[in-house]
Amino acid sequence: MTEKKTSVTVAGLGPMGAALAAALLDHGHEVTVWNRSPGKAAPLVAQGAREADGIADAVSASEVTVVCLADYDALYSALAPAEEALRGRVVVNLNSGTPKEAHETVRWAGDRGIGYLDGAIMVPPALVGQPGSVFLYSGSAEVFDAHRGTLAALGDATYLGTDPGLAVLYNTALLSLMYSSMNGFLHAAALVGSAGVPATEFTKLAVDWFLSSVVDGILKAEAPAIDKGEYPGDFGSLEMNLTALRHIVDTSEEQGVDAEIPLRNKELTEKAIAAGFGQSSYSSVIELLKKGAA
């Protein structure tokens with residue numbers, strides 16, 4: 082099926098916004114660009130984009146305006162002069178923030194007669210428009226279905242559901258996973274590095290085998306138990322895991338490596354044991370995380 086070519090405005094021409102506009106141009110869409118600070122549109126104009134004189138002119142040129150700014154406040158500030166021009170049109174917001182802010186923006190858009198879709202970009206600018214890139218969307222199914230083909234020019238358009246806060250929540254959760262994984266790897270690399278092992282050598286086991294074969298399998302196997310809230314410890318209880326965590330702390334201190342990360346993991350495990358999960362699997366720690374400060 083031939084992709085329908087539409088007119089799209091891209092508001093915000095930082096590195097990511099410029100990459101979005103370029104990907105749309107590559108797919109043959111008619112692209113209008115706007116940036117609060119002048120001087121960033123020239124390369125895109127050379128590729129066939131039209132630079133708008135102002136934000137009202139920009140949104141008036143297109144069926145869809147893709148916003149790529151710092152946050153939700155920046156979206157309100159940028160689009161305020163164009164609210165009337167946006168009436169009856171669609172805004173796809175690819176900023177970052179919180180689920181609460183996403184819900185507030187849906188109400189803001191609805192009060193002004195603007196179709197709205199919240200989204201999150203899960204790749205760096207260099208991968209926009211490339212195979213395997215992932216963009217998350219949530220909110221109006223009608224808006225998503227109507228513009229799915231256009232959004233596909235940016236990457237794999239993954240629709241998460243009608244709750245407008247889901248895209249930014251997924252984004253935050255995945256970033257939390259990334260930073261936790263990075264910190265775990267950095268701590269592990271520091272441990273073996275204390276014995277003179279290069280990080281590049283360590284990755285042969287840590288990344289090429291351990292993460293992909295062992296950790297990946299554990300996470301997939303534990304997910305159903307987490308959903309059920311049942312944590313049988315037949316193959317390793319929290320009390321057994323606590324012994325390993327103590328050894329990680331002791332080894333870190335012995336090797337002169339900062340022990341804050343394993344200490345935090347050990348403390349979480351001790352709290353879960355105190356809460357009655359001593360004979361449960363390690364995944365039972367999630368019950369403490371779900372309750373937060375309470």
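Numbering-wise (the numbering used here), the sequence shown opens with residue 82 and increments by one.
Even for Gly, the Cβ is constructed at its ideal location relative to N, Cα and C.
field: First and last residue of the uninterrupted alpha helix (DSSP H) at A130
entry: Counting along the chain, A130 falls outside any alpha helix (DSSP H), and DSSP gives it neither H nor E.
message: Determine whether the beta carbon atoms of N176 and A155 lie at a separation below 8 Å.
response: yes
message: Determine whether the beta carbon atoms of G246 and H184 lie at a separation below 8 Å.
response: yes
- prompt: What do you get for E165, buried or exposed, if any count of 16 or more other CB atoms within 10 angstroms of its CB means buried?
  reply: exposed
message: I'd like the list of long-range same chain contacts for A280, defined as Cβ closer than 7 Å, with 5 residues on each side in sequence excluded.
response: A270, G274
task: Report the residue ranges of all alpha helix (DSSP H) runs contained in full by the region 249-335; include only those spanning at least 4 residues, in chain order.
output: 280-286, 297-309, 319-335
message: Buried or exposed for S158, going by 16 or more other Cβ atoms inside 10 Å?
response: exposed
task: Examine the ligand SAH and report whether any of its heavy atoms sits within less than 7 Å of the Cβ of E348.
output: The ligand SAH is not among the ligands present in this structure, which contains no ligands whatsoever.
field: Burial state of G298 (16 or more Cβ within 10 Å)
entry: exposed
- prompt: So the beta strand (DSSP E) E111 belongs to, where does it begin and stop?
  reply: 111-115
query: So what does V147 bridge to, in DSSP terms?
result: V91, V173
message: Please report the straight-line C-alpha distance between A100 and T243, rounded to a whole angstrom.
response: 27 Å
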